[in-house]
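**Student:**
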Amino acid sequence: MGPRGPGDARRVRGRPHLERGGPLVTAARGGVVQAGAVAGYLREHVEAVRQLLPYQEQLERWGALLGGRLREGGRLLVAGNGGSAAEAEHLAAELLGRFLSDRAPLPAIALPGATSTLSAIANDYGWDDAYARAVQGHGRRDDVLLSLSTSGRSSNLLRAAQVAKSRGLRAWALTGAGPNPLQEASDETIAIRGTTPLVQESHLVAIHLLCACIDRT
């Protein structure tokens, strides 16, 4: 998850990272999570994941297109910040390794994984261009850039999507509630409403569905 300002979290059993407004937080009294809070969170999780239902055909289409491109020598570039960076690396691992069944490795590059490279680019060119430079270096026409952002407003992801489209890549995004700037900068987007944890969890489900669709191609 990205950085938060003071007051964006409350302490529950010494762990200050549960977001204001979620059932685990609002049901906490005296530092103890009250009965029913977990059930409430699970209900919110189910409702968040349900938002993927209208995107079934889009995920299948993404999987078919991406599976074909990767097996023909194309690349998937994946980018994100914070928890979304971890999910970007997870997706690349599923494709370079395997998801549910053995297959040939598929060329996927998690841009957040190159920490020394990213910090060098950010130091010389600024954080806004960190992923854009990586897209310029790795991306080729008809490759795919998938950006993950719970806010849809990360400037470095916006810049990367713009560069990707200018170079003939497809720019896809998984974001939080739309409309948002990254959605507008991308060719296609899956947008999920909810708190940061719920959006990230829904993105992970979308990633696994995408992997399953790729494996079927």
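Just so we're aligned, residue 3 is where the sequence shown starts under my numbering, counting upward by one. All C-beta atoms, glycine included, are put in the ideal place defined by N, C-alpha and C.
(1) Sort Ala132, Ser149, Ala163 and Gly82 by Cα distance to Ala122 and report the nearest one.
(2) Just to confirm before moving on: does the CB-CB distance between Ala193 and Ala179 stay below 8 Å?
(3) Taking its Cβ as the centre, do 16 or more other Cβ atoms sit within 10 Å of Pro114, making it buried, or is it exposed?
(4) For the stretch 126-141 and the stretch 62-70, state whether three or more C-beta atom pairs, one from each stretch, are separated by less than 8 Å.
(5) Straight-line CA distance for Pro199 to Ala187?
(6) Which residues in the same chain have their Cβ closer than 8 Å to the Cβ of Asp189, if we skip the five residues on either side of it in sequence?
(7) So, Asp144 versus Gly76, is the Cβ gap smaller than 8 Å?
(8) Applying the criterion that 16 or more other CB atoms from any shown protein chain within 10 Å of the CB defines a buried residue, is Ile216 buried or exposed?
(9) Considering only residues of the stretch 91-172, which uninterrupted alpha helix (DSSP H) runs meet the minimum length of 4 residues and lie entirely inside it, listed in chain order?
(10) Check each candidate in Leu211, Thr219, Leu212 and His205 and name the one with the smallest Cα separation from His47.
(11) Could you check what DSSP says for Thr191 in three-state terms: helix, strand or coil?
(12) Between the C-alpha atoms of Ile209 and Glu91, what's the straight-line distance to the nearest angstrom?
(13) Look up Leu176 in the DSSP assignment and give the residues it is bridged to.
**Tutor:** On the basis of the supplied data:
(1) Closest in C-alpha terms to Ala122, from the list Ala132, Ser149, Ala163 and Gly82, comes Ala132.
(2) Annotated as proximal: Ala193 and Ala179, with beta-carbon spacing under 8 Å.
(3) Classification of Pro114: buried, given that the 10 Å Cβ count is 16 or more.
(4) No contact exists between the stretch 126-141 and the stretch 62-70.
(5) If I take the Cα positions, the gap works out to 24 Å.
(6) Here the set comprises Lys167, Arg172, Ala173 and Trp174.
(7) Yes, they are a contact pair.
(8) Ile216 comes out buried.
(9) Restricted to the stretch 91-172, the alpha helix (DSSP H) segments that are unbroken, complete and at least 4 residues in length are 117-127, 132-140 and 157-168, listed in chain order.
(10) Selected option, being the one with the closest Cα: His205.
(11) The answer is strand: DSSP assigns Thr191 an E or B state.
(12) Near 11 Å, if we compare the C-alpha coordinates of Glu91 and Ile209.
(13) Leu176 pairs with Leu150 and Ile192.
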